[in-house]
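Student: Each residue of the sequence shown is one higher than the one before, counting from 673 in my numbering.
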Amino acid sequence: MNLRHLAALLLFAALTAAACKKEEPAPQPPAQTEQPASAAAPAKPLDQALALTGAFAPLPDHWAKEGQTPAQEDLGRALYFETRLSKNHDLSCNSCHGLATFGVDNKPTSTGHKAQLGGRNSPTVYNAAGHFRQFWDGRAADVEEQAKGPVLNPVEMAMPGEEQVVATLKSIPGYGELFKAAFPGQEDPITYDNAARAIGAFERRLTTPSRWDDFLRGKHDALNDDELKGFHLFVTTGCVGCHNGALVGGTSYQKVGAVKPWPNQKDQGIFDLSKKDEDKMMFKAPSLRNIAKTGPYFHDGSVASLDEAVRLMASHQLGRDLSAEDTRLIVAWLNALTGEPNADYIKAPTLPESGPDTPKPDPT
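#1: For residue 951, which residues in the same chain have their Cβ closer than 6 Å to its Cβ, ignoring the five residues on either side in sequence?
#2: Got a sec, what are the start and stop residues for the beta strand (DSSP E) residue 925 sits in?
#3: Quick test of your reading: residue 844 and residue 999, contact by CB under 8 Å. State the CB separation rounded to the nearest angstrom.
#4: Find the nearest neighbour of residue 1014 within the set 767, 775, 738, 761, judged by alpha-carbon distance.
#5: Given that a residue counts as buried once 16 or more other Cβ atoms are within 10 Å of its Cβ, and exposed if not, what is residue 738?
#6: Helix, strand or coil for residue 815 per DSSP?
#7: Please work out which residues of its chain come closer than 8 Å, Cβ to Cβ, to residue 682, disregarding the five sequence neighbours upstream and downstream, and give them in chain order.
#8: Assess contact between the segment 982–991 and the segment 926–935, defined as three or more Cβ pairs (one per stretch) separated by less than 8 Å. Is contact present?
#9: Per DSSP, residue 941 is paired with what?
#10: Any contact between the segment 814–825 and the segment 851–863? By contact I mean 3 or more CB pairs, one from each, below 8 Å.
#11: Is the CB-CB distance between residue 874 and residue 1002 below 7 Å?
#12: Check this for me: beta carbons of residue 960 and residue 915, under 7 Å apart or not?
#13: Can you have a look at residue 971 and say buried or exposed, based on whether 16 or more other CB atoms are within 10 angstroms of its CB?
#14: In terms of residue numbering, what span does the alpha helix (DSSP H) encompassing residue 901 cover?
#15: Is the CB-CB distance between residue 900 and residue 742 below 7 Å?
#16: Would you say the segment 820–837 touches the segment 973–982, given that touching needs at least three Cβ pairs under 8 Å?
#17: Between the C-alpha atoms of residue 779 and residue 755, what's the straight-line distance to the nearest angstrom?
#18: To the nearest angstrom, how far is it from the Cα of residue 694 to the Cα of residue 892?
#19: For residue 1019 and residue 878, what's the separation of their Cα atoms in angstroms?
#20: Using only alpha-carbon positions, find the residue among 983, 771, 883, 777 that is nearest to residue 911.
#21: Among the residues of its own chain, which have a CB less than 6 Å from the CB of residue 740, if the five just before and after it don't count?
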């Protein structure tokens, strides 16, 4: 074997050994204590909330009608606080819908003429002008029509009729000028319809913007993490099906006890008016604006606690049993719906003095 063959043989042996040699495993990095950047991180509460706001809108500044005037609103404010529109001169709109207490009286049902109790819980007057109908059963189209009802209701303010209301207003000298300013050009402006129009005009500016509106308008630090988580749960649990839009409700009729029958079946809601079977236990879904301040809850005022109200709704409407923690978070978000009215706008005015012919209180 010559030197050339020997060199070739040695080179072949070296190459073969290199090819057969097992590759050593690459050194491993230290154990990861945090999730790798490539893995999907849990969504942040803010991101989760922002993804679900499509069914909601900020509260408008007002629901004033075209042509509505400050003079009409001023007259409406006076009439809203006017106890002489009740038979015994002891009740006004503000008695059951207190503007200083978020538009309610915080009673299961309100006390009317001769201490009679109404049959349903008095809903808040704040933001009511934005509802698609008025009253729990929707029997009034708007706040102007709604304003006519309690004054003549024998259980509430108990005035005998429209004629007596007009006669009372005409007997109070100061109202003549207020009605003329509110309805200029009318030969006889003191009418029952005009009184209701004025009260409605006043109520159309009773709005309560809140931190929730700030959030919807882009101020994303307006809500804390618990409130953001609560909103996410509110939507994903299914509450948004009845409570959506700018008012977080007030836009539809819903059956109370859609999944599980409601305990109190005495009040059948719209059925009591229509006598149609499909209307049994149908009520207007209320707005949740200021809900933390407007208990007790539901049409019958049967529940004092907001936590309990949330649990009952999840159970009876959606068939869901909420944990204590989920309930707490949803209630945290509901608290963010509490707003503030314009303090100057709701301030009680000085009312005109009675005249010699103004009817006296009648407790009978």
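Built from N, CA and C at the ideal position, the CB exists for glycine as well.
Tutor: The structure says:
#1: 942, 943
#2: 925–927
#3: Incorrect: roughly 50 Å between the Cβ atoms, too far for contact.
#4: 775
#5: exposed
#6: helix
#7: Any answer about residue 682 is weak, because its pLDDT of 39 lies below 50 and its placement is not dependable; what the coordinates show is given next. Here the set comprises nothing.
#8: yes
#9: 954
#10: no
#11: no
#12: yes
#13: buried
#14: 897–909
#15: no
#16: no
#17: 20 Å
#18: Residue placement at residue 694 cannot be trusted, given a pLDDT of 37 that sits under 50; what the coordinates show is reported in the next sentence. In a straight line, the C-alpha of residue 694 is about 58 Å away from that of residue 892.
#19: 12 Å
#20: 983
#21: 873
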